[in-house]
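Here the structure is laid out as structure tokens; the discussion comes afterwards.
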Amino acid sequence: MLGNRRASSFRPTRREGLVRGVALGASLLLPWRFAAAAHVVRAWPAGRPAPSLNVVDLDGKPWRLAAFAGQVVVLNFWATWCAPCRLEMPSLDAMAARRGREGVVVAAVNYKEAPDVIRRYLERAPFKSQILLDPDGDATVNWTPRVFPTTVLVGRNGRPVHVVVGELDWDGEVAKALLDPLIAASGRA
């Protein structure tokens, strides 16, 4: 059972090892080779519907994307062991606090870590936005290219619009350029 595993005894599966390897490789290479851009922005594939998102919060309460219809949802997929994720989270949380009145909701979906591991991390690095659990990794696999961090921007109509792969300064101009049109849009399909 995932909740009973100790972080120190966790042995990643081959797929988890690949995800960690990609995240580690990106965190090592990006500062040197791509210092000006530690992220890539892609459009959500045309015609691809939003996958289901069956996750719970840290208290075990179900969280559904449909409950946030009419709001801009920023789904950030992350893990405590991911250095770029840890670097990105403060600006993501600050953006959520600043833009919440404009209808922006931030939900950070944690990849396959036990709640106690996440809580210990949050004691050292507080994060006020919603933390969600993806204990089996299915949500991450369905929503992302399996690189951490990855953030999916969902418009007011409930449709994914952009995928941001890699760390982004959510206080910066790129984030503003991505979010402003979504905030200005109506919730109609």
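In my numbering, the protein residues as written are 6 to 194.
Positions of the beta carbon are idealized from the N, C-alpha and C atoms, including for glycine.
Where the alpha helix (DSSP H) containing ARG69 begins and where it ends: For this step, residue 69 is matched to residue 64 along the sequence shown. Where ARG69 is concerned, there is no enclosing alpha helix (DSSP H), given that its DSSP letter is neither H nor E.
With 16 other CB atoms within 10 Å as the buried threshold, where does PRO54 fall? What you label residue 54 is simply residue 49 of the sequence shown in a count that begins at 1. Exposed, since its Cβ has fewer than 16 Cβ neighbours within 10 Å.
For ILE188, which residues of its own chain have a beta-carbon under 8 Å away from its beta-carbon, when the five flanking residues on both sides are left out? Within the sequence shown, numbered from 1, the residue matching residue 188 stands at position 183. Cβ neighbours of ILE188 beyond the five flanking positions: VAL77, ARG104, GLU107, GLY108, VAL109.
From the DSSP output, which residues share a beta bridge with ASP62? In the sequence shown, counting from the first residue as 1, residue 62 sits at position 57. DSSP lists LEU137 as partners of ASP62.
Given 7 Å as the limit, tell me if LEU183 has its C-beta closer than that to any heavy atom belonging to the ligand SAM. Questions concerning the ligand SAM fall outside what the structure shown contains, since it holds no ligand whatsoever.
For ASN147, count the other beta carbons within 10 Å of its own beta carbon; 16 or more makes it buried, fewer makes it exposed. Which is it? As a working note, residue 147 is residue 142 in the sequence shown. By the neighbour-count rule (16 or more Cβ atoms within 10 Å), ASN147 is not buried but exposed.
Going by alpha carbons, who is nearest to CYS90 out of ASP174, LYS181, VAL179? Within the sequence shown, residue 90 is the residue found at index 85, counting from 1. Measuring from the Cα of CYS90, the nearest candidate turns out to be ASP174.
Where the beta strand (DSSP E) through ASN81 begins and ends: Taking the first residue of the sequence shown as position 1, residue 81 is located at position 76. Per DSSP, ASN81 belongs to the beta strand (DSSP E) from 77–83.
Short check: CB of ALA144 to CB of GLU118, under 8 Å? To locate residue 144, count along the sequence shown from 1; it is residue 139. To locate residue 118, count along the sequence shown from 1; it is residue 113. Going by C-beta atoms, ALA144 is not nearer than 8 Å to GLU118.
If you draw a straight line from the C-alpha of PHE132 to the C-alpha of ALA43, how long is it? Here residue 132 refers to the residue found at position 127 when the sequence shown is read from its first residue. Here residue 43 refers to the residue found at position 38 when the sequence shown is read from its first residue. Between PHE132 and ALA43, the C-alpha separation is close to 22 Å.
Nearest to MET100 by alpha carbon, out of ARG129, VAL79, GLY142? As a working mapping, residue 100 is identified with position 95 in the sequence shown. For MET100, the nearest C-alpha among the options comes from VAL79.
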